[in-house]
Amino acid sequence: MDQQLDQIVIGDFLEPLRRRLLSELQEKMSGQNKEHSFEIFLTVYVLNTNLEWCLRHSRRNAIRYDSKERYGSTGLAQEYIEGHNILMSHFLWRHKGSPLDPSFKSTSKLKRKDIGLSDSQVVFLREIRALFSSQDEYLRALHEDQIYEQELYWSSRLFIPGWMPHSGDIIPETQSYRRLIIRYCDKMPRDTVP
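Here my numbering is used: the first residue of the sequence shown is 5, the next is one more, and so on.
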C-alpha cells in the first residue's frame with residue numbers, strides 16, 4: 005500500500021512538477037534576461053543541495069543493507085553527478101563564471117546591473133560567499149577526499165573559482181575511505197557509520 009501511494013505522489017505530483025521546474029530553468033538559463041540571475045542561482049543551489057541529500061540517503065541505505073558498493077545504486081549516483089556537471093556548466097557559461105567568484109568585488113551599480121542583481125541580492129551573495137569562505141579548509145578537505153554525500157560538497161561548487169566538472173567514476177569504498185567518512189560525517193547517526 006505504501007509503495008502504491010509513493011507511485012501516485014511521484015507520478016501525479018512530483019514528476020509534472022520536476023518537468024515544469026526544469027523546463028522553466030532551461031528557458032531562463034538560455035534567455036538573455038539578466039533579471040533571472042538570482043532566481044537561477046537559488047535554483048541551482050537548491051538542486052546541488054538536493055544532490056547531496058540524495059547521495060547521503062543512498063549511502064545510508066548501502067550501509068544499512070551491508071552493500072559492497074558505496075551507494076545503493078552506483079549507476080544512479082553517477083547519473084546524478086553527470087546531471088550536476090551539466091547544470092553547473094550551463095550556469096557558469098551563462099554567467100561567464102560564477103557571480104560568487106572571489107573576483108566579484110565590484111560595488112559599482114553598473115557591475116550589479118550587468119549581471120542583473122539588486123543591491124540586496126548582492127549583499128546576500130557576499131554574505132553567503134563569506135560564510136563559505138570561513139569553511140574553506142573543511143571544503144577543501146571534502147573535495148580532496150571526494151566525500152560526495154557530505155553536506156556542502158556539491159553546493160559549495162558554486163563558490164569555487166575555476167570550477168571544473170567532476171570527472172571519472174565514483175571512487176570505491178576502501179578502509180581509508182571509511183575512516184574519512186567517519187571523520188566528516190559527524191551529523192550521520194553513529195550506528196550507521198561503518
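Every residue gets a Cβ at the ideal spot worked out from N, C-alpha and C, and that includes glycine.
Since the model is a prediction, treat every value here as computed from it, not as a measurement.
Item	Value
Where ILE90 sits in the DSSP three-state scheme	helix
When MET33, ASP10, LEU96 and PHE42 are compared against ARG130, the one with the closest alpha-carbon	PHE42
Beta-carbon spacing of ARG63, TYR75 below 8 angstroms	yes
Own chain partners of ASP6 with C-beta closer than 8 angstroms, once the 5 adjacent residues on each side are dropped	none
GLU148 versus SER27 - alpha carbon distance	34 angstroms
PHE17 classed as buried or exposed, judged by whether at least 16 other C-beta atoms fall within 10 angstroms	exposed
Cβ shell of TYR142 (< 7 angstroms), same chain only, five flanking positions each side left out	none
LEU51 versus ILE164, HIS88 and MET33, residue with shortest Cα-Cα distance	HIS88
Nearest-angstrom beta carbon gap, ILE44 and LEU29 [assumed within contact, 8 angstroms]	7 angstroms
Whole-angstrom distance between VAL126 and ILE132, CA atom to CA atom	10 angstroms
Three-way DSSP call (helix, strand, coil) for ASN37 in this model	coil
Integer-rounded CB distance, given that ILE174 should sit under 8 angstroms from TYR152	7 angstroms
Identity of the residue in ALA134, LEU9 and MET92 nearest LEU55 by Cα	MET92
Under the three-state DSSP convention, the category ASP173 falls into	coil
Pairwise C-alpha distance: ARG23 and LYS32	14 angstroms
Between the CA atoms of LYS72 and GLY1 - distance to the nearest angstrom	No statement about residue 1 is possible, as the shown extent of the chain runs from 5 to 198 and does not include it.
Three-way DSSP call (helix, strand, coil) for LEU96 in this model	helix
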